[in-house]
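Asks:
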Amino acid sequence: MGSDLLGQTIFAVNIFKYSVTNWEEKKPKLLSLLDFSDDDVVQSKLPQHTDYYSNQGRPPYFKQWCEILEEDLNNIFQQGDVITPLLKNSTDTSKWQLWSQRYNNQQYHSCHNHGVGNLSCVLYLEFDKSVHSPTWFHSPFNDPFTGYNQEYVPQVDEGDIILFPAMLLHEAPNNTSNVKRTIMSFNIPIG
Numbered sequence: 000m001g002s003d004l005l006g007q008t009i010f011a012v013n014i015f016k017y018s019v020t021n022w023e024e025k026k027p028k029l030l031s032l033l034d035f036s037d038d039d040v041v042q043s044k045l046p047q048h049t050d051y052y053s054n055q056g057r058p059p060y061f062k063q064w065c066e067i068l069e070e071d072l073n074n075i076f077q078q079g080d081v082i083t084p085l086l087k088n089s090t091d092t093s094k095w096q097l098w099s100q101r102y103n104n105q106q107y108h109s110c111h112n113h114g115v116g117n118l119s120c121v122l123y124l125e126f127d128k129s130v131h132s133p134t135w136f137h138s139p140f141n142d143p144f145t146g147y148n149q150e151y152v153p154q155v156d157e158g159d160i161i162l163f164p165a166m167l168l169h170e171a172p173n174n175t176s177n178v179k180r181t182i183m184s185f186n187i188p189i190g
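Read in numbering that gives the first Met the number 0, the sequence shown has 3 at position 4, and its numbers run on one by one without any break.
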């Protein structure tokens with residue numbers, strides 16, 4: 000007599016979503032920090048507006064950003080055991096990276112990753128889910144039965160933060176609308 004067939008998930012990749020508290024109050028404060036008039040879109044030939052290269056991932060508004068989101072960052076760190084136990088040692092913001100990107104019509108960010116050793120995060124600052132698509136994630140391995148690449152598109156709202164392993168391939172799909180899509184990305188070193 001046979002036994003029941005038992006399944007086990009291996010090699011799972013988790014991402015997390017957090018909704019910023021008091022979003023309507025914080026959104027205008029965060030937007031006021033941004034200035035894309037002197038960005039890297041021409042210099043880097045990237046198909047989006049960004050302040051990443053000009054600021055080396057450390058913009059002049061970093062401290063104000065931390066102050067605006069202090070309550071939310073603390074909430075995230077209080078759940079460090081859920082995300083990764085290694086995150087508990089990452090509250091020192093001196094090694095964090097932060098940058099912002101804006102996508103106008105026909106702008107996108109192709110598939111990429113942020114290397115290893117970080118938790119990467121995307122805050123959806125200006126995001127209209129009726130016309131915008133959130134970040135697309137790609138599996139680090141193809142489907143073992145079909146060989147196809149697996150994609151995942153989370154359900155997000157403006158004011159949400161998605162947190163994920165930095166090495167996970169992801170992209171910002173083409174903005175096909177005339178409504179600007181703005182995000183703030185940050186990397187938190189783990190370990």
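Each residue gets a CB set at the ideal place from its N, CA and C atoms; glycine is no exception.
Where does residue 161 fall in DSSP's three states?
Replies: Three-state result, residue 161: strand.
Asks: List the endpoints of the continuous beta strand (DSSP E) containing residue 188.
Replies: 180-188
Asks: Can you tell me which of 73, 166, 129, 173 puts its alpha carbon nearest to the alpha carbon of residue 19?
Replies: 73
Asks: Tell me where the alpha helix (DSSP H) around residue 207 begins and ends.
Replies: This structure does not reach residue 207, given that the chain is present from 0 up to 190, and the question cannot be answered.
Asks: Is the separation between the beta-carbon of residue 186 and that of residue 96 shorter than 7 Å?
Replies: Going by C-beta atoms, residue 186 is nearer than 7 Å to residue 96.
Asks: Whole alpha helix (DSSP H) runs in the segment 47-122 with 4 or more residues, listed along the chain?
Replies: 51-54, 61-67, 69-77, 79-82
Asks: Count the other CB atoms, across all protein chains shown, that sit within 10 Å of the CB of residue 3; report buried if there are 16 or more and exposed otherwise.
Replies: exposed
Asks: Which residues in the same chain as residue 172 place their Cβ atom closer than 8 Å to its Cβ, once the five residues preceding and following it in sequence are excluded?
Replies: 107, 132, 135
Asks: What span of residues does the beta strand (DSSP E) with residue 16 cover, start to end?
Replies: 15-18
Asks: Would you report the Cα separation of residue 23 and residue 30, rounded to the nearest angstrom?
Replies: 11 Å
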